[in-house]
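Contents: one structure, followed by commentary.
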Amino acid sequence: MNEQRTSVDMKELNEKLDHEEITNMQYITLQGQELIDEYKKWCSVFGFEEGDEDGTEQFINEIRYSDGADNENWPTEVIKEIDMNNNDKGEERQFTSMELFNNWKMDAKKLKALKISENAIRITLWRYQNPLGAKATCAKTLDITRNNVKKWWDVRYFIEGALADGAHVHPIRLEYEVIKHTILEAVEKAERSETIG
77 MNEQRTSVDM KELNEKLDHE EITNMQYITL QGQELIDEYK KWCSVFGFEE GDEDGTEQFI
137 NEIRYSDGAD NENWPTEVIK EIDMNNNDKG EERQFTSMEL FNNWKMDAKK LKALKISENA
197 IRITLWRYQN PLGAKATCAK TLDITRNNVK KWWDVRYFIE GALADGAHVH PIRLEYEVIK
257 HTILEAVEKA ERSETIG
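If you want it as structure tokens, here you go:
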């Protein structure tokens, strides 16, 4: 985890956090899925709700001022319980961003619908703002059907596949128009790559 983050990137992120330019949760999500997963485990072990500001701050302090989140010091029983719970939930995302991108770019109807879908924009924006959120919560919050949420839930991974060859993408601003532009850019790249390939 720490090897992937360069000291320059971390210094910049630390400065932004210290100057309150980003929230504690953004600090975690900007570092990618691996740290988000570590944070989720940490919350379940120490009894914090995911997204709880006090817990998030404590987790960040632990990774910033120690050797990382000390899951190697957690009791073996706790680690086993976490792993069992994770297996019971079933892994929702069983594909890479590039696999999703390659599948979607061959589906002209889906790309056409994605280009004009207001719900896709709203759901994707909500997902960036709530990286640990669930589909049911998204549907309720946005007053969108669960089927619509399910249909567009993976747009952020499509964006990663299109614009960053599967690496994490975090839009410069979490605003409706920025997300709309990002989605359109990803769709255009998919359409171009399909005509070339």
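Sequential numbering of the sequence shown, starting at 77, is according to our numbering. C-beta: ideal position from N, C-alpha, C; glycine also.
For residue i versus residue j, is the C-beta distance shorter than 8 Å?
i: residue 215; j: residue 221; result: yes
i: residue 127; j: residue 208; result: yes
i: residue 198; j: residue 218; result: yes
i: residue 243; j: residue 262; result: no
i: residue 258; j: residue 228; result: no
i: residue 90; j: residue 129; result: no
For residue i, does the three-state DSSP call read helix, strand or coil?
i: residue 131; result: helix
i: residue 62; result: Not covered by the structure: residue 62. The range shown for the chain is 77 to 273.
i: residue 98; result: coil
i: residue 219; result: coil
i: residue 183; result: coil
i: residue 243; result: coil
i: residue 234; result: helix
i: residue 118; result: helix
i: residue 144; result: Below a pLDDT of 50, predicted positions are generally treated as unreliable, and residue 144, at 42, falls in that range; the measurement from the model is reported next regardless. Here residue 144 sits in coil by DSSP.
i: residue 105; result: helix
Can you give me the C-alpha to C-alpha distance between residue i and residue j, rounded to a whole angstrom?
i: residue 269; j: residue 181; result: 8 Å
i: residue 139; j: residue 185; result: 44 Å
i: residue 255; j: residue 247; result: 7 Å
i: residue 133; j: residue 232; result: 26 Å
i: residue 260; j: residue 173; result: 17 Å
i: residue 235; j: residue 250; result: 14 Å
i: residue 135; j: residue 224; result: 34 Å
Using a Cβ-Cβ cut-off of 8 Å, state whether residue i counts as contacting chain C.
i: residue 106; result: This model lacks chain C altogether; it includes just one protein chain.
*Assess, as a yes-or-no matter, whether the segment 113-129 is touched by the segment 90-97 under the definition of 3 or more beta carbon pairs within less than 8 Å.*
Verdict: no, contact absent.
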